[in-house]
Every structure is written in structure tokens, then in C-alpha cells.
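Presented below is the structure to which this report refers.
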Ligand SMILES: [Fe+2]
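Residue numbers (the numbering used here): 8 to 227.
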């Protein structure tokens, strides 16, 4: 499968590299990497190390991962058409829906039942860059407790608690030390491809998700 993907990426004109050192560092059997049309580094692997003792959060938080993957990432692209062709065409992501606001259309893509593992929007001023990555927990109270931690540790909250229109996740956003953001949420929607219908929303949130800093406006 990894070989097939490597051939598909090469046939699409991308430079694909097998990286043994990176595979060892990630503790996976095999890994290839390339960059997307905007230069975002992508890694593909098989055979992850499975420890006898599973990860246990020191705060008792349970993350929603497994077959759904880590969560999702949101980034900025310079050419929406090229990004769609690459992720939907070459890589085989499926479109979940779009959100159109402030003259831009954010695209949300899935590869498993999680509503989206990837979202991107064209923004020539900010691209290429990671906007945020999202982690999902299985208890709304852990979202609240983490909000308390954010407050007590002086972490910058970039969006207040709210619920998204499309994936229906209740979440908040905070600044991480790298300058991008972390979305922390609960209750993300699942997609059933046999019945799913793509929609175009005109707002990101049903309620909340207020940005408290003017310079951050337009990131989502
Ligand atoms: Fe998100």
C-alpha cells in the first residue's frame, strides 16, 4: 500500500523520499515523505509501534483517536485549485463540506468517519502555514477542565468555547508556543459515506467561538 501510494505520488510529479531515519524516530516500519503543492511536509507510514502499556494522560483525559486518527489539521494554501486536485484527486480524500465567509471558502476533507482530518483555505498572505491542529476528548467536562487550566496557566485563548456548524464539535482555541493554535474539543460528528451529502455553510459556528484579538480575525 505504501509502495502504491509512493508510485501514485511520483506519477503526479511529486518528489517522494523514503526516510529510514525518520521511520526510526517515529517508531514505524516504513515511511515516505513529500511536500504538497504549497510546501507543507507530509509523511506516510505503515506499521506503527504498539506499546504493551497504552498512553494514559496524567490528567486522566481520554483522547478520541484510534481508527479516526489523531484529530485534524487546518492550514493555509496559496492555490485552492491545486490543493483540491492534490488532496481530493491524488491522495483520495473525500469532501465533507465547505464554509464560505468573508469571501473565502474553507474546504473540509475526510479519510475515515471523522468529519474532517484536514481543512484548508486559500490565503496568499498567510500560506503556507499551519493554522491549527485539533485534539478531541471524549468528555465535555474535560474541555471545561482544560479551559480552567488554560486560564490558570496564562495560555492565550484565541477563540472562546463554541460549537461548529459543520462538524458540530464543541471546542475552544488556544495559542501554542510555536505560534499556531490548538483546538480542543468534544463531540465531533462522524461521516457515513453511503448517506453523506456535501453542504456549504455560511458560518463557522452555531454559537460562541468569539475571537478576542482583532489581528487573528479571518483565520477560521
Ligand atoms: Fe478545527
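We treat Cβ as the ideally placed atom computed from N, Cα and C, and that holds for glycine.
Counting only runs of 4 or more residues that sit fully inside the region 46 to 95, the alpha helix (DSSP H) segments are 87 to 91, in chain order. Between residue 201 and residue 182, the gap from beta carbon to beta carbon reaches 7 Å or more. Its Cα nearest to that of residue 153, the residue 69 stands out among 119, 53 and 69. Residue 206 has 104 as its beta-bridge partners, per DSSP. Proximity of the beta carbon of residue 141 to ligand 1 is indicated: a heavy atom of the ligand is located closer than 6 Å. Between the C-alpha atoms of residue 9 and residue 29 there is a straight-line separation of about 15 Å.
Ligand 1 has a heavy atom closer than 6 Å to the beta-carbon of residue 81. Residue state for residue 33 is assigned as helix, using DSSP reduced to three classes.
DSSP lists 83 as the bridge partner or partners of residue 136.
In the structure shown, the three-state DSSP call for residue 28 is helix. In this structure residue 207 is exposed. Its beta-carbon is surrounded by fewer than 16 other beta-carbon atoms within 10 angstroms. Segment contact: the region 89 to 108 against the region 144 to 159, fewer than three CB-CB distances shorter than 8 Å; contact not assigned. In the three-state reduction of the DSSP assignment, residue 164 falls in the strand class, which pools E and B. For residue 152, the secondary structure class from DSSP, reduced to helix, strand or coil, is helix. Put simply, the region 94 to 104 touches the region 112 to 121. At least three CB pairs are less than 8 Å apart. Non-local beta-carbon contacts of residue 44 in its own chain, meaning distances under 7 Å to residues more than five positions away in sequence, involve 86, 89, 90 and 93 in chain order.
Scanning 18, 147 and 74 for the CA closest to the CA of residue 194 turns up 147.
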